[in-house]
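Chemist: A single structure is presented below for examination.
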Amino acid sequence: MAEHDSDREDREPEEKGVPFDEEAAWRAIVAGYGEEPKDPPGSRPFKPVEDLALPEMPPEGDGPEEPRPAKPLGSSISFAPGVGPRDYTAPEPSEDDFDEDDEGHFVPPEPPPLPTADTTAKFAWLGVVGGPILLLVAVLLGWEMTWWLTTAGVGGFLGGFATLVVRMRTDDDEDDGPGRGAVV
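Residue numbers (full-length UniProt numbering): 1 to 184.
This is the structure:
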């Protein structure tokens, strides 16, 4: 095996029968350093940053260079103060704008009043919201956490939450309603 590896080093440069001149390869690399390679045929060069908003120009040929448009397109258009797309106001509607078929503008009906909460629900919400607020105030003001303060805060929250969960409506009265799956 050792014989084979040493023999291989001698054979590598002339495997294909063409001698390799490393010095000539380095001279070619150094001579071409700094030169930019030519673009492949059919490719278009990149546009300069200043011309990105301009329309596409045909690829450059051997003929005379075409003039570029003087006015850039896109978001570089500026408007005079007070004149622009955001300064537009819609005209006020008048009665002449409506046809005989139009009924005028829509006025929604007055919404129904909110249902009044019973006393039990009010105290349950007081416990759910008031318990953590009581504990937060005690911590911020540096009160001593006594057993009654902790019981009032934690117990008020847990009791109010449990009361609200138990009193939730389940709407199980309408078992024959649509959307309940297949009825056998």
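Here a beta-carbon is modelled for each residue, glycine too, at the ideal position from N, C-alpha and C.
In angstroms with no decimal places, state the Cα-to-Cα distance between P115 and T150.
Modeler: Position 115 of the sequence shown holds residue 115. Position 150 of the sequence shown holds residue 150. Whole-angstrom Cα-Cα distance: 33 Å.
Chemist: Would you please state the rounded distance, in angstroms, between the beta carbons of G155 and W125? I believe it to be under 8 Å.
Modeler: As a first step, residue 155 is located in the sequence shown; it is residue number 155 there, counting from the start. As a first step, residue 125 is located in the sequence shown; it is residue number 125 there, counting from the start. With a Cβ gap of about 15 Å, G155 and W125 do not count as contacting.
Chemist: Tell me where the alpha helix (DSSP H) around residue 203 begins and ends.
Modeler: Within the shown structure, residues of the chain are numbered from 1 to 184, placing residue 203 beyond reach of any answer.
Chemist: Out of curiosity, what's the CA-to-CA distance linking F20 and P48?
Modeler: The residue you call residue 20 lines up with position 20 of the sequence shown. The residue you call residue 48 lines up with position 48 of the sequence shown. Distance between the alpha carbons of F20 and P48: 42 Å.
Chemist: Determine the direct distance from the alpha carbon of V18 to that of M1, and round the result to whole angstroms.
Modeler: Stepping through the sequence shown from its first residue, residue 1 is reached at position 1. Stepping through the sequence shown from its first residue, residue 18 is reached at position 18. Low local confidence applies: a pLDDT of 49 at M1 is under 50, so the model's placement there is unreliable, with the coordinate-based value given in what follows. About 27 Å.
Chemist: Specify the secondary structure class of V154 as computed by DSSP and reduced to three states.
Modeler: What you label residue 154 is simply residue 154 of the sequence shown in a count that begins at 1. Residue state, collapsed to three classes: helix.
Chemist: State buried or exposed for F157, treating a residue as buried only when at least 16 other CB atoms are found within 10 Å of its CB.
Modeler: Locating residue 157 in the sequence shown gives position 157, where the first residue counts as 1. With 16 or more Cβ atoms within 10 Å of its Cβ, F157 is classed as buried.
Chemist: Can you look up E92 in the DSSP assignment and give me helix, strand or coil?
Modeler: Along the sequence shown, read from residue 1 onward, the residue named residue 92 stands at position 92. It is coil, neither helix nor strand.
Chemist: Would you mind sorting G153 into buried or exposed? The rule is 16 or more other CB atoms within 10 Å of its CB.
Modeler: Counting from 1 along the sequence shown, the entry for residue 153 is found at position 153. Counting Cβ neighbours within 10 Å, G153 comes out buried, since at least 16 surround it.
Chemist: Is the beta carbon of L164 sitting closer than 8 Å to the one on V139?
Modeler: Taking the first residue of the sequence shown as position 1, residue 164 is located at position 164. Taking the first residue of the sequence shown as position 1, residue 139 is located at position 139. Cβ atoms of L164 and V139: not closer than 8 Å.
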